[in-house]
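Note that our numbering has the sequence shown beginning at 4, numbered continuously upward.
The beta-carbon is built from N, C-alpha and C at its ideal position, and this holds for glycine as well.
To keep things clear, I will list the structure first and then write my remarks on it.
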Amino acid sequence: MAAPASPAIDDDAKISVSEDDEVELPVPEEGRKPTAHELATLRRVSGPMPWPAYLICFAELAERASYFGCTAVFSNFIQRPLPVNGNGAGAPPAGTQETAGALGLGLPAASGITLTFSFLSYVLPILAGMLADARWGMFKTIVVSSFIGIVGHVILVAAAAPKVLESGLAIVPFAISLVILAIASGGIKACVTPIITYQCPVDTPVVMISRRAQKWRRWISFGPSARDGEKVIVDPEVTMQNMIMIYYFGVTIGAVFPLATTNIEKRVGFWLAFLVPGILFFVLPLVLAFVYYCKLIKLPPMKHSVVADAVKVLGIACKAAGPGKLFVNGPNWEAAKPVRSALNQQTVTRDLGWDDTFVDELRRSGGAIRFFCILPIYIFVYLGFNSILVSQAAAMTTDGVPNDLLTGFQALSQVVAIPILTFGVYPLLRRWGFDFSPLRRIMFGFALTSIAMIIGAVLQWRVYETSPCGYSASKCTIGTGVSPLSLWTQLPLYGLPGIAGIFINVTGYELSINFAPKRLKTVIFSSQLFFVALAAAAAAAASPSFHDPNLIWPFVGLAVANALAIPASYYFLRDIDRQVKEVFELPVQLETDSSVVHADEEKR
């Protein structure tokens with residue numbers, strides 16, 4: 004009888020279980036692939052996240068700190084003029100209800116410019132991914148992008164200097180800095196997540212024996228601990244989910260920076276608000292140098308541009324299907340396979356650069372693409388409402404609090420919720436046998452977002468009703484100029500979409516990684532970011548309508564859209580859970596079935 008297969012984990016890895024368990028090698032029952040019965044009955048736990056991957060997360064933390072820390076104050080910087088009797092750097096006089104400002108271009112311009120920056124930041128990862136695949140590699144692309152980000156922040160700080168603001172020419176260096184920062188953001192976002200997931204030590208499900216973890220891990224674990232000696236499955240799907248959640252936790256820490264930058268703009272000025280998140284970009288090259296020269300991480304091998312190959316395969320498949328059958332049966336993937344071309348005696352003048360397996364992998368990635376088509380409905384709220392909410396807060400009683408302070412609470416809600424979900428809620432649900440599958444998480448996230456938009460519509464209506472200027476509340480100068488409603492009533496408008504992002508964005512990252520083999524991870528992940536860019540473009544196109552007295556209707560429209568996204572998700576993604584299971588379990592089941600057949604043949 005054949006010996007048990009060796010575990011699909013690193014030889015020196017200690018498999019840590021996320022819910023307060025640890026499993027160690029070797030014992031006779033450990034390190035083998037599970038049987039079909041064990042796949043159906045044993046509890047699934049997470050493998051470890053190698054600690055060097057945390058250092059790579061710092062690159063995304065720095066990029067998100069720059070992105071959110073700066074965009075949080077862009078609205079005031081662009082929309083409002085320099086405050087009268089201010090300090091000249093954009094900060095208003097102390098003890099007043101005034102807000103910070105600089106350029107004075109109005110709300111539509113503020114929304115349009117900010118959303119254009121978001122569009123560039125999310126569309127450029129596709130080009131950065133092609134560059135990383137074809138020329139530089141992922142790690143070098145991150146390094147170069149970090150230096151580009153440093154240059155962008157230097158120009159941005161210069162644009163916010165008091166002398167430049169007084170000259171009236173700040174818009175020129177400001178616009179240049181936005182383009183440079185978008186390039187830096189695109190280069191980092193395209194490569195960080197694929198590199199982190201490349202460090203995953205678990206490739207296929209492995210049977211292990213759980214052992215009690217250290218006391219400090221039991222103390223911080225919110226979830227139920229496993230019984231000592233319990234047989235469990237170290238599951239790559241759960242491992243990937245935990246790694247992406249930890250990565251997203253680092254992202255949200257960077258996204259908390261608006262809590263600092265909004266206070267700085269109010270009390271000091273914009274130049275310091277732009278400088279503070281830029282400091283992380285100055286530190287980032289040192290962290291990357293340490294990771295590289297100490298050889299702490301595994302790097303994907305260099306290859307020609309998989310993105311270009313994917314576009315060519317898709318073009319051939321769509322052309323072969325024809326316009327009549329394309330929207331009914333989908334692309335004809337078989338026509339794009341080199342073997343099929345040879346059988347049809349088609350002329351092939353050069354190496355196509357891909358094989359049949361590559362075409363099959365691209366076809367399998369269609370499940371993630373279907374989710375990406377629904378994603379912009381949520382992203383419109385996540386990216387497109389910042390200027391509206393900041394403007395709404397400016398029409399409310401702030402009591403000296405910056406009107407854009409609450410933009411940081413979206414990320415703060417995620418910082419609080421992610422550990423609770425990762426170490427408490429998800430393990431507890433798995434212990435109870437409830438599968439909080441990707442589809443269920445997506446639908447739950449859309450429900451939370453719809454509720455938030457309903458609250459926003461009601462709140463905007465109350466602002467109009469209680470403002471001294473009625474339905475012209477955004478530019479009111481009568482009396483105090485603001486509604487008696489406190490801006491703290493906006494908290495649900497930031498907290499609920501933030502928590503929804505854990506269920507929608509993180510699930511999207513999981514689908515991007517799980518549905519794409521190693522050589523397609525950059526392709527699929529960049530595709531997700533491209534759909535985010537489309538949402539930003541749609542929000543930018545709609546931004547001219549974001550003005551009084553119409554500010555109730557954007558909330559109403561998105562409340563309805565996110566509510567409709569719930570049944571739409573079920574209709575278009577109803578088979579997504581099965582496909583995720585097949586990615587990890589089908590190879591194991593096939594191998595198990597093959598072993599059983601081989602054993603029966605030996606007996607005969």
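Using only CA atoms, which one of the options lies nearest to residue i?
i, options, result
"residue 141", "248, 62, 163, 557", "62"
"residue 133", "573, 252, 193, 272", "193"
"residue 173", "81, 139, 254, 39", "81"
"residue 3", "385, 171, 47", "Residue 3 falls outside the range modelled here, since the chain spans only 4 to 607, and no answer is possible."
"residue 2", "151, 472, 489", "One cannot answer for residue 2 here, as it falls past the ends of the chain, which runs 4 to 607."
"residue 185", "204, 159, 169", "159"
"residue 243", "53, 67, 534, 35", "53"
"residue 178", "165, 191, 169, 161", "161"
"residue 72", "441, 577, 444, 410", "410"
"residue 3", "48, 576, 584, 59", "In the structure as shown, the chain begins at 4 and stops at 607. Residue 3 is therefore absent and cannot be evaluated."
"residue 488", "478, 467, 291, 480", "467"
"residue 35", "135, 211, 372", "211"
"residue 154", "117, 69, 86", "69"
"residue 391", "110, 65, 573", "110"
"residue 41", "530, 235, 443, 263", "235"
"residue 549", "416, 112, 106", "112"
"residue 393", "205, 261, 357, 37", "261"
"residue 325", "338, 314, 138", "338"
"residue 320", "334, 274, 312, 253", "334"
"residue 444", "579, 122, 314, 322", "579"
"residue 455", "560, 77, 144, 202", "560"
"residue 46", "516, 540, 517, 437", "437"
"residue 128", "528, 250, 382", "528"
"residue 316", "396, 296, 340", "340"
Per DSSP, what are the beta-bridge partners of residue i in this structure?
i, result
"residue 46", "235"
"residue 618", "The structure shown does not extend to residue 618, since the chain is modelled only from 4 to 607, so the question has no answer here."
"residue 212", "234"
"residue 486", "399"
"residue 35", "210"
So, residue i versus residue j, is the Cβ gap smaller than 9 Å?
i, j, result
"residue 74", "residue 269", "no"
"residue 89", "residue 131", "no"
"residue 44", "residue 543", "no"
"residue 493", "residue 558", "no"
"residue 267", "residue 276", "yes"
"residue 191", "residue 152", "yes"
"residue 55", "residue 294", "yes"
"residue 369", "residue 94", "no"
"residue 246", "residue 200", "yes"
"residue 485", "residue 425", "no"
"residue 373", "residue 576", "yes"
"residue 564", "residue 457", "no"
"residue 375", "residue 281", "no"
"residue 509", "residue 248", "yes"
"residue 513", "residue 441", "yes"
"residue 146", "residue 291", "yes"
"residue 408", "residue 490", "yes"
"residue 380", "residue 538", "yes"
"residue 251", "residue 417", "yes"
"residue 84", "residue 107", "yes"
"residue 470", "residue 396", "no"
"residue 477", "residue 237", "no"
Is there contact here, the region 448 to 457 with the region 563 to 574, by at least three beta-carbon pairs under 8 Å? yes
Below 8 Å, how does it come out for the region 543 to 557 and the region 282 to 290: are there three or more Cβ pairs, yes or no? no
Taking the runs of the alpha helix (DSSP H) that are 4 residues or longer, which of them lie wholly in the region 429 to 460? 429 to 434
Inspect the CB distances between the region 413 to 428 and the region 500 to 508 and report whether three or more fall short of 8 Å. yes
Are there three or more Cβ pairs, one per stretch, closer than 8 Å when the region 425 to 434 is compared with the region 528 to 540? no
Whole runs of the beta strand (DSSP E) within the region 274 to 307, excluding any shorter than 3 residues: none
At which residue ranges does the region 117 to 148 contain complete beta strand (DSSP E) runs of 3 or more residues, listed in the order of the chain? none
4-residue-minimum alpha helix (DSSP H) runs that sit fully inside the region 486 to 565, ordered along the chain: 494 to 517, 524 to 545
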